[in-house]
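K.L.:
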Amino acid sequence: NAGVTQTPKFRILKIGQSMTLQCTQDMNHNYMYWYRQDPGMGLKLIYYSVGAGITDKGEVPNGYNVSRSTTEDFPLRLELAAPSQTSVYFCASSPGGREETQYFGPGTRLLVL
Amino acid sequence: GQSLEQPSEVTAVEGAIVQINCTYQTSGFYGLSWYQQHDGGAPTFLSYNALDGLEETGRFSSFLSRSDSYGYLLLQELQMKDSASYFCAAVRGNNRLAFGKGNQVVVIP
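Protein chains in written order, with the numbering used here: chain A, 1 to 113; chain B, 114 to 222.
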């Protein structure tokens with residue numbers, strides 16, 4: 001199993017551009033999550049999904065959108081990038097139910113200039 | 114809302130014991146998880162406490178007191194590879210995690 005994979009690893013965006021961060025998991029997990037981590041800080045939940053076709057907002061959803069058309073994929077869309085979105089973005093998945101462990105991808109480092 | 118408080122940095126020698134504390138204030142609390150993150154890496158799961166008391170996993174132990182909204186992670190027999198940041202995270206409904214700011218542990222020879 002590859003686990004959770006994310007692309008790209010690193011990206012530089014200009015203010016106002018848009019992009020999609022890709023996340024795929026091959027563990028057949030129902031639950032998937034997007035977090036952002038600013039320097040020296042803990043992770044903050046952006047969006048999450050408990051299954052295909054179901055998404056919901058986390059703590060910091062403004063400026064982002066998600067979709068979940070399949071169990072495996074959970075892309076994160078940034079529209080109109082702003083410097084405040086400079087961060088490291090982590091995708092994670094979890095089996096759900098009584099299994100609370102989350103498995104994280106390697107992250108995408110995003111710089112908005 | 115939620116908040117989780119953790120002290121910022123600890124330096125300790127190899128073989129020592131380090132305790133990382135976490136106090137939390139969060140709605141819909143299910144339990145407390147701990148994650149390790151090496152510089153430039155992804156968080157990896159260490160332990161989870163749903164009930165009060167101590168959970169032991171090898172050199173690492175985690176404790177939870179729901180009545181005090183408090184938990185800690187105990188790192189024993191420290192090794193150089195334990196140099197990392199350690200995060201407590203409150204587990205909420207749908208396994209959502211609310212992370213603390215983290216505590217950097219630096220292990221020196």
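Beta carbons are placed, not taken as given, at the ideal position from N, Cα and C, and that holds for glycine.
Give me the chain B residues within the contact set of residue 101/A, using Cβ-Cβ distance strictly less than 9 Å, ordered along the chain.
P.N.:
In the first sequence, the residue the question calls residue 101/A occupies position 101. Per Cβ cutoff of 9 Å: 146, 158, 161, 208.
K.L.:
Between residue 89/A and chain B, is any beta-carbon pair separated by less than 8 Å?
P.N.:
One-based indexing of the first sequence puts residue 89/A at position 89. No - not a single Cβ of chain B is within 8 Å of the one on residue 89/A.
K.L.:
Listed from N- to C-terminal order along the chain, which residues in the segment 45-57 of chain A have their beta-carbon within a distance smaller than 7 Å of any beta-carbon of chain B?
P.N.:
Answer in chain order: 45, 48, 50.
K.L.:
Taking CB distances under 8 Å as the criterion, tell me whether residue 104/A reaches chain B.
P.N.:
Counting from one through the first sequence, the residue named residue 104/A turns up at place 104. Yes, because at least one Cβ of chain B sits closer than 8 Å to the Cβ of residue 104/A.
K.L.:
Who are the neighbours of residue 94/A on chain B, taking C-beta pairs under 7 Å?
P.N.:
Along the first sequence, one-based indexing puts residue 94/A at 94. Result: 208.
K.L.:
Could you say which of 135/B, 122/B, 219/B lies nearest to residue 175/B if we only look at CA atoms?
P.N.:
As a position in the second sequence, residue 175/B is number 62, starting the count at 1. With distances taken between Cα atoms, residue 175/B lies closest to 135/B.
K.L.:
How long is the line joining the alpha carbons of residue 171/B and residue 54/A, rounded to whole angstroms?
P.N.:
The residue labelled residue 171/B in the question sits at position 58 within the second sequence. The residue labelled residue 54/A in the question sits at position 54 within the first sequence. For residue 171/B and residue 54/A, the distance between alpha carbons rounds to 38 Å.
K.L.:
Secondary structure at residue 19/A, three-state DSSP: helix, strand or coil?
P.N.:
Counted from its first residue, the first sequence places residue 19/A at position 19. In the structure shown, residue 19/A sits in a strand (DSSP, three-state: E or B).
K.L.:
Give me the residue from 206/B, 218/B, 214/B, 188/B with the minimum Cα distance to residue 196/B.
P.N.:
In the second sequence, residue 196/B corresponds to position 83, counting from 1. Nearest option by C-alpha distance: 218/B.
K.L.:
Pick helix, strand or coil for residue 27/A, following the three-state DSSP scheme.
P.N.:
Along the first sequence, one-based indexing puts residue 27/A at 27. It is coil, neither helix nor strand.
K.L.:
Which residue's Cα is closest to the Cα of residue 27/A: 11/A, 9/A, 7/A, 1/A?
P.N.:
Walking along the first sequence from the start, residue 27/A turns up at place 27. Checked all of 11/A, 9/A, 7/A, 1/A; the closest Cα to residue 27/A is 1/A.
K.L.:
Let me see if you follow: with CB-CB separation under 8 Å, is residue 16/A close to chain B or not?
P.N.:
Numbered from 1 along the first sequence, position 16 holds the residue referred to as residue 16/A. For residue 16/A, the answer is no, since every Cβ of chain B falls outside 8 Å of its Cβ.
K.L.:
Roughly how many angstroms lie between the CA atoms of residue 126/B and residue 50/A, to the nearest whole one?
P.N.:
As a working note, residue 126/B is residue 13 in the second sequence. As a working note, residue 50/A is residue 50 in the first sequence. Going by the C-alpha atoms only, they are around 43 Å apart.
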